[in-house]
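Shown next, in structure tokens, is the structure this report addresses.
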Amino acid sequence: MPDSAAQNQGPVNGRPYLIVLGNEKGGSGKSTTAMHIVIALLRDGYRVGTIDLDARQKSLTRYIENRQAFCKETGHTLPMPEVRVIPRSEHRSSDAAEADEKERFEAAYIELADKVDVLVIDCPGSDTYLSRLAHTAADTLVTPVNDSFVDLDLLARVDADTHKVIGPSLYAEMVWKARQRRSMADGGQIDWIVLRNRVGSLHAKNKERVEGVLSELTKRIGIRYIPGLGERVIYRELFLKGLTLMDLKDTGGVDGKGLSMSHVAARQEVRNLIDGLALSFRENAVS
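Numbering-wise (numbering that gives the first Met the number 0), the sequence shown opens with residue 0 and increments by one.
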């Protein structure tokens, strides 16, 4: 671990850098992506915390719990994040519920602020008040999508014949409002990254059309898009042990059989993803 990173007292003006994983559709690899970001940053020497806003599914938190169980069972020592889960309010009044959830969100943030350099927040696959709070607070917003028009509908309405963008989706409008609120609150900006998962499984013509839509959205709603995770069995296998591709060198592979060429390629895929995020504090540390 680089000493300079381990001694970091907060990448953004003394406060944790917030990476928010947001997507209002399931099955996009959001929690898997979140976990790999968390472990990659831990292995870079940063102190990392997680906040899970999906207290029902708790996919990211379950992933970390599996990791803790694996270490206890095998005796391995692997880097761990600080973990928090924020449940939705049980108040019936929407005003009271939102006030309660805002208080819970701020309390979790304050509790972790002095303990971590980076906070990774996993949002539920639906529009909730907690999710909107997280989006507004984000320094980097990562939206994983399967590289298809089904998932692109999350970002924009597209003409069926011309494949031109008709207008932004409800989710894109929500992010736009979050950016406005953030700018008014502290003058900060949200770097919105669309992560293109499972690109390799696309037909070439469809891939070209998706690329065209994303290029148009770069200009219209201010996204960046980068390659994400491929369609690999290894990602599903790792969840049960709480491992990531970044851990396999230390654990002797998935079942102690070492790293296959496929594992090496997948690990490079994750490294490319982390580099593609272009997180300002990592770039500053390198320079």
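All C-beta atoms in this analysis are idealised placements derived from N, C-alpha and C, irrespective of residue type, glycine included.
State the Cα-Cα distance for the pair residue 208 and residue 277, rounded to the nearest angstrom.
26 Å
Residues that DSSP places opposite residue 224 in a beta bridge
193
Under a three-way DSSP split, which group does residue 145 fall into?
strand
Report all residues from its chain with a CB closer than 6 Å to the CB of residue 90; omit the five preceding and five following residues, and keep chain order.
96 and 99
Would you identify the three-state DSSP class for residue 23, choosing helix, strand or coil?
coil
Count the other CB atoms, across all protein chains shown, that sit within 10 Å of the CB of residue 63; report buried if there are 16 or more and exposed otherwise.
By the neighbour-count rule (16 or more Cβ atoms within 10 Å), residue 63 is buried.
Residue 133 to residue 23, Cα distance in whole Å?
Approximately 13 Å between the Cα atoms of the pair.
Look at the alpha carbon of residue 139 and the alpha carbon of residue 159, and state the distance between them as a whole number of angstroms.
31 Å
Taking C-beta to C-beta, are residue 117 and residue 193 nearer than 8 Å?
no
Using the C-alpha atoms, what's the distance from residue 31 back to residue 234?
7 Å
State the Cα-Cα distance for the pair residue 247 and residue 265, rounded to the nearest angstrom.
Approximately 11 Å between the Cα atoms of the pair.
Under 8 Å: do the region 99-115 and the region 66-73 share three or more Cβ pairs, one atom per stretch?
no
Is it the case that the Cβ atoms of residue 119 and residue 37 are separated by a distance below 8 Å?
yes
My output table needs one value for residue 5: the three-state DSSP class, helix, strand or coil.
Since pLDDT at residue 5 reaches only 40, below the 50 mark, its modelled position is unreliable, and the value read off the structure follows with that caveat. Looking at residue 5 - three-state DSSP - the assignment turns out to be helix.
Quick check: what's the CA-CA separation for residue 84 versus residue 137?
17 Å
Between the C-alpha atoms of residue 213 and residue 225, what's the straight-line distance to the nearest angstrom?
Each residue's alpha carbon lies about 10 Å from the other.
Have a look at the DSSP bridge pairing and note the partners of residue 81.
48
Nearest CA to the CA of residue 125: which residue from 114, 153, 18 and 43?
153
My understanding is that residue 268 touches residue 229, with C-beta atoms under 8 Å, so please give their C-beta distance in whole angstroms.
6 Å
Please classify residue 5 as buried or exposed, where buried requires at least 16 other C-beta atoms within 10 Å of its C-beta.
The pLDDT assigned to residue 5 is 40, lower than 50, so where the model puts this residue is not dependable; a value taken from the coordinates is nonetheless given after this. The residue is exposed, with fewer than 16 neighbouring Cβ atoms inside 10 Å.
Mind checking which residues open and close the alpha helix (DSSP H) that includes residue 212?
203-219
Residue 129: first and last residue of the uninterrupted beta strand (DSSP E) it sits in
Not the beta strand (DSSP E): residue 129 falls in the alpha helix (DSSP H), residues 128-136.
What does the alpha-carbon distance come out to for the pair residue 275 and residue 150?
Taking the straight line from one Cα to the other gives about 21 Å.
Within a Cβ cutoff of 6 Å, which residues of the same chain sit near residue 189, ignoring the five residues on either side of it in sequence?
137, 140, 178 and 181
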